[in-house]
Structure formats: structure tokens, C-alpha cells
Amino acid sequence: MSPGVSSRRRFLALGLSAGAAMATGLWGCGSDEEKSEEVAAGAKGAKGAKGAKGAKGAEGAEGAGPVLPQGIDLEKWNRIKGEPYRLGTFGLMPGACSLPGPQAKRNWPDRDKYKDVETIPGMCQLCSSVCGIVGYVKNGRLIKVEGNPKDPNSRGHLCARGQAALNHLYHPERLLYPLKRVGARGEGRWKRISWDEALDEIAEKLKAVRQSGHPEEFAFHQGRQRSKDALKRFLDAFGTSTQLSHRSLCSGNRRAANLSFLWESDWDLNDVEHSKYILNFGSNAFEAHQGHVPFANRIQNGRFRNGAKLVTFDVRLSNTAGSSDEWFAPFPGTDGAVALAMGHTILSENRHDESFLETWTNVSIEELRELYEPYTADWAERISGVPASDIRRIAREFAGAAPAATTMCNRGSSAHINGFYNDRAINLLNALVGSVGQKGGWCWSPWGGLDPVVQTPPMPPAARTTSILEDPPEYPLANVWRRMRVGEIVYLYLLQGRARLQAYMTYNLDSPVTWPEESLTQQVLGDESLIEFHVCINAFYNETAHFADIVLPWTTYLERWDLDARASYNLKPYVGLRTPMVEPLGESRDVRDFFPELARRIGGGMEKWYPEQDVRDYMQEWAAAVPENPQTGKRGLDRLLDEGVWESDRKPFYQPFLQPLSAEDIEGSEVDPEGVILRDGQGIGIMLDGKPVRGFKTPSRKFEIRSAFIHKIGRNEDCSELIARSGMARTKNRPAEHRGHDVEISEMPTWFLPREMENLADDELIMTSFKWNVHNHGRTMNLKWLAEIVHSNPAWLNPKTARRLGVGDGDWVELTSYYSQELEHRSPHLKRTDLVEERGRRKVATMRVPIVTMEGIHPQALAMSNSCGHTQYTSVAQAKRKPAETAGHLVGSDSKKFVDADWERNMWWEDTSSGDHSDWTPNTGNGWNQNRLMPIAPDPVSGQQSYHDTVISIRKL
Amino acid sequence: MTGHHDSPAGDAEDLEGLAGFYRLLSRLWVSELDAEWLEMLVDGSLADVAEELEFPLDGPREEVLEQLAIEYCGLVIGPKNHVPPHQSVWVEGQMQGQTVVSMQQFLEVVREEVDATMSDHLGVQLGVMGIIVESLAESQAMPETGTETGTETGTETGTETGTETGTETGTEKGSDVTELTELARVFFATHIMWITRFLARAGAATDSKFYLRLIAVTSEFLAEEHEVWE
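First to last, the protein sequences are chains A and B. First residue of the first sequence? That's 1 in my numbering, and the numbers climb one at a time after it. First residue of the second sequence? That's 958 in my numbering, and the numbers climb one at a time after it.
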């Protein structure tokens, strides 16, 4: 007898023994209890089921064809097996399954691909633009995503990130089950637990926090979130206001600057589609912007349909800069200086809009001339490097195009230590030329998101705790208008013992990659004495999850519900719907689904905010006010499910300050000597030529160039009267805990150069960061279609600089980053004495990277993309190709050694150098985490993290 | 009298044994061992089978259970560096590929339902193969001479009682065996063969003694099966 026969005989004998001891049916689809019952029933029960043909037999008997024992439906089998494929000389391939890979080529084009699909609306969430999408679902699987043409903001466009939805939803390395840490935190050892076990343990820990009397020691830390109502409900019901975010990494200064002028909105919506001149300071809207696709579409419409000129000031030749009509590269952080110089030209040549300035601003023209006097174009040229003649010319062109002229700016101008002042100077240009609120000009809307017609079911009262982590006393503008917080100091303050956390819950957050000072972040996350208990909610195992104690698998945006909207460039609000297009994969769940369960387990009154209600019912209630579509008769959630979105018929928010107030509006009011209309001490409007109008929602009811508020609030002075005159009840004085932390904030626009940028040594440059059009900051590098396009981030260096430093394209260099001297002076509370002194600066970190020489970067700057360098976040983000498969083959494939796995077949950029730079092939590997070098550097005024001011020294290796 | 309709995998008893082995592998792969199953393998109804297969399960019960859960998680769940247990990932590079559409059809043929995510899990697929082989065993066990008329009465524990009267002819039985054999062959080729690649990778990805042994047993078994169903 051959060894093979003997081996087989053994298996068959063992199978007989095993079969008798086990249940029938299929493991993995029923509960173990059901299986146990079957086992207990034993062979008799099994045979009985067969003999009776059970329920299955009965069904079979009703005409579905012959149904065999165990319920095999042979007729179904005969129907589906079809004709086998003939694969050339390789024989037949069974016809029951259309396998992709080599078979796909033979079956192309698949004309049936979209037959019988269901189209389901949704909203993307791979960046913050939340473009409307349509998903094509077939057989319960999402097979395609496109833009929703009905979305009024994105208008059916969808960028590369959005197109990679399938990579995101069906990623092989998605988190599918709750996991519990085994071993030390950060060791990376886990075991699967049930949702019940996970929620029981979390509830126990959170209950203890509440019972300790310090609910604020439970911190919730979100990255990108679009389910604000769900999070707020849970956290307010719990009673903690330690609700942390990433806003200060993103747009804190931009928002603060806008608020200082407008109060009612933190978000300028430049009406570029109707502009004649678009003056861009540091924004890369064509690749990365919070309103990316909607905004880029309108910029191009403005240019090609309306003849708008686009001029960009950017340290680096981004795709936006490259597409512009003119591009200038100012020295980093000098955008504000250039803008002030333009204002100087406009005023000195009397190109300003006198009527607007005198009627609608709270300064006189003389005061403005005095403000601008020192900021000449020649001064700006010395500082920025932009030729004075160009500064003057562009200022003239801008003024000449007004009122259909607008500035635009974003992190490029605002993510600096002087960023608040940069953006104040830039935005002021619009007031100078009278384009504020004008068609084609610098606009805004009071609706930062959903149309207020939709209302959530009743929410708990806001939590009233205080925490230095959520409201650090040193940053006066961080939380007075909106809760922007100062996310980047959280870990530093924990390390310095300034706060304590009993429990920490992270949600779609990847702080070790996206936060400055990667090593400090990891150190704190890994320290159980600083963060006692950490729950991470995410769809993937990222760097934050690596330091968690429990990981909860979150649904993707394609598997959950939300009502969502962004501030719309149509200048009116809308309501969009995010729908679960497919069943959640594995055991992934959304917070809307499990927060109610967690709240009920915690109890103590939390449960009363969670009536027993299906998520869909909650959505129904929330969307109830969406009006009926007269064509379809559908309203509320039904209408949204049908169309994906509803836009109100309000008029676009142009010149809101001219809106007249009716007699009813002003009933009971009085007018003060400055013409401000007040009712019960609250500002509601202003008199204009004897008529009551809305005005601006500021204390002066005008566009506030001089902001007494920011000056007083910086000094912890009482601003109650100013707040009352604005009518903006949401704005608050600084709390008592802020006493003693005064910051001098200039009430007029001004500008300064951070001192570390003066007198740079020969080997010193300013490091800036940027994003690519195919990635967001830290959440898309795991998507293979996108990672294939961009997966590495060598440092950009100007060729002249490279020659001067003796380095060439592709050479490796060592970068050393330094802490800000300006912050040592202005923010001594950060106490960075932990950083070693070197060459008169404090050293943060060192990293070795290759360089690429690019003409399109300022000679004194170095730029790196900030999306790379993951140490976790799937094999795609780490650019790890699995070992080549050598055993086995796919039946019917072309080759016995054919590996029909898309990733292994197509992944070409794995770095095989093993750290030997001389062996490294350019554009391989997964890049370097720039945040390893980036120091924690909050702007002293708003707390915005400075991403573009870091002094680095460079040394060739 | 009709001709002999044995399948290439053997006679009815062989097939029953084969089905049992598939079901055993199915359970061991579909999820972690729980306390009940550990008991069965160490001291209970499967202890002899486990010993024969040389599954290393010595040690205090609680510790063994915990350790196996960690090892299973690290091997097939993750959260990273695991070996994906879903065929779609191997064939199409993503979860829920076209493979699950095919699996859904086979699941309908064998009249089982599973959660969509699990439909192309190797544990489920081994189980489906077990069902098909079991069915083949049952068909093969039917007498094949002339026309068979009979009445069967059975009781399904705690649920239903039914009576069936049927007629089975030799040609029908023969055609069932043929069709079931074809079904088994196609399912094996389409949804079982890929597991050998999984096993090769899994063998290099774990140092768990239990799972290394399970990998070895499954590999050897499937190699044998490949000879039969090819």
C-alpha cells in the first residue's frame, strides 16, 4: 500500500470518529448553542432530520426541484453551473464563479456589471469636503462609487480619494472584531473579544471615572468626525467637556482671523465662481482644502467662464500654484507682509472703496493710512523676496477687479506662529476694496453645516466641567468664539503632569502620525500612568490603536448613517445623507449603534438620553423637516434616501449686512449713539441712512478691522458688553482659570517675523509641509490605488540651495529640527527645557531623508509631504509586500506559479535596501513621518499648530 | 441492475469519514477554540482524534484557552501581519470580492446562510465541502438496484416531524451521484484549492504549536484531496 493511501485512510477513519461527535450544519453561521443542541441530540437527531427531510425537505417538495439529504438543491446547482470557460490550452474553468485576475481579461467587457444594481446615496468622508456620492450595489456588494450630481456643493465631482472608496471598505486588513490588549501596551499582542465583553469593561471603567467625581478625566479625542450629534449626546450625557479635537492642527488661525472680523462665521466662502480676480495666499485648493472639490470646481469656473485671474503666493509650486496665472514664492510666513504691502498700495493710490470703509468698518480711512504707512512694497520685498513692483501691480489689478475680487487662504498662510496676523492682513484686503459679501467677492455664511431646519431629537445639556486639556488657559482665542481647543499640547501637558486622564477614548485619530513630535506622542500614549485606560475606535489598526487597551472596529462611512453638510459655496445651507450602502463588514459598528448600549451600561442617568430606538428611526426623526419634493411626493428621510441631498431655497448670503429689519424685528428695541440697535441689551442691528438693517454680528455691527475684543480678551478683561452688543451669545469671556495668563494681541492687523527666522545659518532652512491631491493628512496611505501614486516623501530642495550645500538630487541628508525661539519668548509656559541646546537653539529631532531638487520651492525652504511614514496602518501604508507565494496554484490560472492577489502582483515600491541608503531605489518605501521632526508649536494667540515655520539644519550624509 | 455509481472519493463510508474530517477542520479554522471544544479535544469525544492528529493541547485549561485565543487572533484576525482567511483577499486583493457572489450561490445550493463577511472564510468553505461530501455519502448509501420505494419517518429533535414517501430509481441515484460529484469537484477547484496558499503563508507566520500542527494536517489532507478531485 502506498504511503498516500495509508495517509488518506487515516483521515477517513478519523473523520468517521469526528463526524459522530460533532453537529451537522455549517460552523460559523449559527450560535454554538445551536450546535451544542445538535451534538446533544446526537446521530439520532441528525438521521431523523434527514429522514424527514425537515423543513428543507418540505420546501423541496413544493416544486423547487429535487432536494437531497442535507438540503442540497441540485436544480439550483444545475442552473448556476452554466457553461465552463475554455481557457486556451489550459482546459476548462468551472463556470459557476467568474473569478477575476486572468479570467477577468477574458470576460471583459462585462456588459452585465451594472445590470440590476441598486444606487444608494451617501457622502464621502475620505477628507473633510464630504462630497455627495452614489454607490452602486449589486448582490450586497458595493462595486462602484461616483459623485452625486445632485449634491449642490460638489456637483457630482469626486476626487481620487473618493474613488478609492472600495479600497477603504473592502481593505483586507480592516478591523473586524473588538480586540483586547494582551501583554504590555504597544507590544502589539491582542485577542478577540465580544462586543458584550468590550462594552462591559469600558462601562465599568467609565462608571468609575464618574464616581470619582472627576468626569473631566475621561477625555474623548476625535480626528475627522462627521457624527457630531452622536458624540455630543454621549459625552454631554456622561458629563465631560474634555472633548478634544484636531482643529488646531488644521484651521484654528484661519477661523480666529475670520471671527475677529465677522463674529458670526469662522469660515470664509470666497465666491470665486463669480470673481474676476482671485488672490491666493498659501492655499492649495486644487489638492487639499476643507472644501477641496467644490472650491476647486468653482475656481476653474470663475477662471474659464468668468475670466478670473488666479495669482498664487506659495512657498512651493503646488498644483494650485502651477495652474495659476502667476505664482510667487515668498519667504515662509511672510504672506501677511505681502498683503499689508498690497493694502498700502491700494490706499496710497486711492484705489480703496471709500464708501464701504466709511460705512461698514469701525475704523476711519485716516486710521487705516496710519496702520499701513510702514508696510511699503519695498519693505515687503526685503522681507518676502517678492519684487515690490509685482506687489504694487497685483494690488492694482486686485482693486481694479473689485468688487468681484477675493482673497483666499488656508494653512499655507495660517499654520504659522504669526499665522493669525497673516490671515488678518490678507482678509483685510477685501474690506479695502469693498468686496466683502459681494457677488464674486469675499463671502461667508452663518451655516457652517446642516440647514438648521433639521433638528436632532432632544440633546442632553452641555457638560460643564473644565480641563486644562480642553481649554488651556494660555491661548486666549482658542475657545472664546468656538471650541477650537489646542490639540497639539494635550500629550505635552499630560507628560508635564498638568492634567490626569483616567480614561481616554480616541475616534478616527492617528496622533502619532499627524501630531507634532511623534516620539513624545508615542511616549505618552504608551504610558499607563499618564493614560490609565485607552479605547480606540477606528476602522483600521493605526498608530493610535497600537497603544490602546481595547480596540473597537468602526464602520466605514459607507456602512453608517449621518446627516451631513459642509459650508456651501452656494452660500446657502443644505442637508446631505450618509447611508449604510452595505451591511457592516465583520462585527464593525458605528457609534450611533453602540453608544446607546454603552450609555445604558454606564447608567446613572445617561440612559434617559437613549430611548430604545433603531438608528434608522433616529434618522427619520432628525430628517423629518426636509420638505416634500412636489414631483415625487417624498419628504423627510424618504426624500433624502431618494435624492441623497436637499438644498434649501434660501437666497445666497450676499451682503447680509444690508438686510432690512422689519418693524417686528425691532419692536422693543432702542438705538444707541453709535446707531447700534439693541433689545434687552443685545445687539440686533444698526441704523443705515435712517433705516434699520442687520449689519454685521459684531459689537460695532460693522466689519471689525479694529477688534477691541481680541485685545481685551487677551488681557482677560471683561468683554460682556461687547458680546452683548454683538448678539452672539455663543461668544464667551475667558473663564476664571485663565486669570494670570495674559497675551498681548494687537487690536489692529499687524505682522511680525518669528525671531528664529532672522539670521539663519548657511546650513539652515525653513521646513514646511504639504498634502498631495491623492491623500489626506494621515488616513489614506493605506489605500492601494492612492498609495501607488504617492507613497514616498523625499524632501524638496531648490537646486541653487542644493548646489550651495553640496548635495545633489537623490542624495541623503540628515535634517535636524529646532524648537521655536519665538515661542520660548512668548510661550514660556511650554517649558521645553527637556530639549537639548545646540547652536543656540533647542534641538527637537533628527531624521535622515533623501532629497529631490525642485525649482518650485523657495531657496530658503525645504518641503515634505506630511502623509507618509506610517509604522502601522496596514501593509499598504507600510509598503510591505508579503513574501512571494511559491506553493500551490490557482486552478485554471495561466501559470502554476501565478499569484492572483492584486497587491502582491502589482505592488512595486517595496523598499528592499534594509536601511542602506546607498542601496535605496528612489520612490520606493513608504516615506518618513515629518512629524518626527515637527516641534509642538502653538500660535500664542489661538493655539494653531505651526507647520511651516520650523528651522532645520541640513547635513549631507 | 444499474452500474456501480461510486464517486472517485470512495464508497459511502469513505465519504462519511471524509465529510466528518472536513467538518472537523471547518470548526478548527472558523474561530478560536472555546472551552467546550477544548474539553472535547482534550478529554471528550474528540480526544482520540486530537491525539491521533498530535494536536498539542497540554497545560492548564484556562491558560491553554487564552493562549490559543491570542495565537488565533495573531494568525488570522490581526490586527496586523495576519494571514487573511478570506478567499476574496487572495484572489482579488480585497474583502467581499466577486468570490463572495460565487460563494453565496454555493451556499444557496447547500441551503445554508452565513454572515456575508464569513461567506468566503476558509472555515466556512471547508464546512460547505463537508456538507457536499456528506450529501454524496448519503446518495451513495442509497441502494442502487431497480426501483426503490419506501417510506421514511423521522423526527427532528424538538422541532418537526415529517413523513416522506419517495421513489428512488437506480438511474436517479446514479445521476445524483454524478451531479454531486461534479458539484464537489467544482467547489473544490473553485473554493478549496486556494487554501493551500493560505496554509503556506500561515505556516511561516505563526509559531503557535497548535496552529502549526493544524496547518500541517490541513495541508496534508488537502494535498490528498487534490489528487481525488482534480
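Every residue gets a Cβ at the ideal spot worked out from N, C-alpha and C, and that includes glycine. Note that this is a predicted model, so its numbers are computed, not measured.
query: Whole-angstrom distance between A/N716 and A/H741, CA atom to CA atom; result: 8 Å
query: Cβ separation of B/S988 and B/G1087, assumed to be a contact under 8 Å, to the nearest whole Å; result: That belief does not hold up - the Cβ atoms of B/S988 and B/G1087 are roughly 16 Å apart, past 8 Å.
query: Distance, B/Q1051 Cα to A/D471 Cα; result: 43 Å
query: Nearest to A/Q243 (by Cα), restricted to the options A/R233, A/T359, A/K113; result: A/R233
query: Contact set between B/T1074 and chain A, taken where Cβ atoms lie within less than 7 Å; result: L176, L585, G586
query: Option in A/K150, A/V145, A/D151 with minimal Cα separation from A/Y170; result: A/V145
query: Minimum Cβ-Cβ distance from B/G977 to chain A less than 8 Å; result: yes
query: Test: A/G943 CB closer than 8 Å to a CB of chain B; result: no
query: Reduced DSSP category for A/G45 - H, G, I as helix; E, B as strand; rest coil; result: For A/G45, the predicted structure reports a pLDDT of 32, less than 50, and the residue's modelled location is therefore unreliable. A value from the coordinates is still provided. Three-state result, A/G45: helix.
query: Start-end ranges of the alpha helix (DSSP H) lying completely within the segment 793-828 of chain A, minimum 4 residues; result: 799-805, 821-826
query: Helix, strand or coil at A/L126 [DSSP, three-state]; result: coil
query: A/A845, enclosing beta strand (DSSP E) - first and last residue; result: 841-853
query: Short CB-CB distance (under 8 Å) between A/A478 and chain B; result: no
query: Counted within 10 angstroms of its Cβ, other Cβ atoms place A/L598 as buried (16 or more) or exposed; result: buried
query: Three-state secondary structure assigned by DSSP to A/M581; result: coil
query: Beta-carbon proximity list for A/A329, same chain, < 6 Å, skipping 5 on both sides; result: V315, H858
query: Enclosing alpha helix (DSSP H) for A/R255 [first to last residue]; result: 252-262
query: Through-space distance from A/A729 to A/T521, alpha-carbon basis; result: 36 Å
query: Contiguous alpha helix (DSSP H) assignments of at least 4 residues, all confined to the segment 603-683 of chain A; result: 615-622, 636-643
query: Proximity test, Cβ basis, 8 Å: A/W909 and chain B; result: no
query: Integer-rounded CB distance, given that A/V582 should sit under 8 Å from A/V137; result: 6 Å
query: Proximity of B/S1096 and B/D1072 at Cβ, strictly below 8 Å; result: no
query: Local conformation of A/A203 per DSSP, three classes; result: helix
query: Counted within 10 angstroms of its Cβ, other Cβ atoms place B/W1152 as buried (16 or more) or exposed; result: Reading off the sequence shown, one finds Ile at residue 1152 of chain B, where the question assumed Trp. So B/I1152 counts as buried.
query: Neighbourhood of A/T506 by C-beta, 6 Å cutoff - its chain only, sequence neighbours within 5 removed; result: H221, C536, T544
query: Beta carbon proximity, B/I1089 to chain A, threshold 8 Å; result: yes
query: Residue environment, A/W706, which counts as buried when at least 16 other CB atoms sit within 10 Å; result: Residue 706 of chain A is actually Arg in this sequence, not Trp. By the neighbour-count rule (16 or more Cβ atoms within 10 Å), A/R706 is buried.
query: Supposed contact pair A/S251 and A/Q290 - C-beta distance, whole angstroms, cut 8 Å; result: 7 Å
query: Partner residues on chain A for B/A1173, Cβ-Cβ distance less than 8 Å; result: Correct list: empty, because the minimum Cβ distance to chain A is about 12 Å.
query: According to DSSP, residues forming a beta bridge with A/R536; result: Here the sequence assigns Cys to residue 536 of chain A, which means Arg is not the residue at that position. A/T506, A/V551.
query: Proximal residues, the segment 111-130 of chain A versus chain B, C-beta separation under 7 Å; result: none
query: Same chain, Cβ closer than 6 Å to B/R936, neighbours up to 5 away in sequence not counted; result: With chain B represented from 958 up to 1187, any question about residue 936 of chain B goes unanswered, as that position is not in the structure.
query: Neighbouring residues, chain B, relative to A/D200 (Cβ below 7 Å); result: Residues of chain B passing the Cβ test: none, with the nearest at roughly 17 Å.
query: Outcome for A/E354 when other beta-carbon atoms lying within 10 angstroms are tallied against a minimum of 16; result: exposed
query: Which of helix, strand or coil DSSP assigns to A/K276; result: coil
query: Close-in-space but distant-in-sequence residues of the same chain around A/V876 (CB under 6 Å, 5 per side omitted); result: N782, K784, A787
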